[in-house]
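**Q** Numbering (the working numbering), first residue to last: 28 to 159. C-beta: ideal position from N, C-alpha, C; glycine also. Take this structure, written in structure tokens, and hold onto it; I'll ask about it next.
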Amino acid sequence: MISNLLVICVARCFSPISYLQLKFWKDYAEEENDLMNDYSSKHAKELAERNLKSFFNQTPPANIVTPCNKDWEKISSLYKFSTKDHFYSTLHRYIENKDKTEGCMKLASLRSNESANNPPVLDFVDGGTAAL
28 MISNLLVICV
38 ARCFSPISYL
48 QLKFWKDYAE
58 EENDLMNDYS
68 SKHAKELAER
78 NLKSFFNQTP
88 PANIVTPCNK
98 DWEKISSLYK
108 FSTKDHFYST
118 LHRYIENKDK
128 TEGCMKLASL
138 RSNESANNPP
148 VLDFVDGGTA
158 AL
């Protein structure tokens, strides 16, 4: 137990990140995570409502903008804090570096041009197959 405390103290003394910056980073990450959960739930509900209304009313679906798979991959990678970049998360880095001309945003009602090979983790969606 004392060795753990000693390791923590030594690590913090040699850290390039100050205690207050580390506290801010943790607070930011927690807040971003909470907001991402809330926003994702709201967006998923909006998309589900749109699909159900379109199905039951037999009308074309309204356009809803949803990030493409490449955008999700860019914000889902493991992030290591860097004192050079001053970003607090992969989402923060992605938003600050996003080139306005290469946007990958698409309408949810359009099919993606990406391959139809879905990773095994997505088997719960349509049994892992796409109907064409």
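1) Alpha helix (DSSP H) containing H70: first to last residue?
2) Compare the beta carbon distance of Y121 and K107 with 8 Å and say whether it is the shorter of the two.
3) Give the C-beta separation of S116 and E76 to the nearest angstrom, bearing in mind that I take them to be a contact with Cβ-Cβ under 8 Å.
4) For the alpha helix (DSSP H) containing D98, list its first residue and its last residue.
5) Between which two residues does the alpha helix (DSSP H) carrying E121 extend?
6) If the criterion is Cβ atoms closer than 8 Å, does the pair N96 and P88 meet it?
**A** So, from the listed chains and residues:
1) Going by DSSP, H70 is part of the alpha helix (DSSP H) stretching over 46-84.
2) In this structure, the beta-carbon distance from Y121 to K107 does not fall below 8 Å.
3) Contact doesn't hold; Cβ gap of about 29 Å is too wide.
4) Going by DSSP, D98 is part of the alpha helix (DSSP H) stretching over 96-103.
5) In the sequence under discussion, the amino acid at residue 121 is Tyr, which differs from the Glu named in the question. Taken as a continuous stretch (DSSP letters only), the alpha helix (DSSP H) holding Y121 covers 117-124.
6) At a Cβ-Cβ threshold of 8 Å, N96 and P88 do not count as neighbours.
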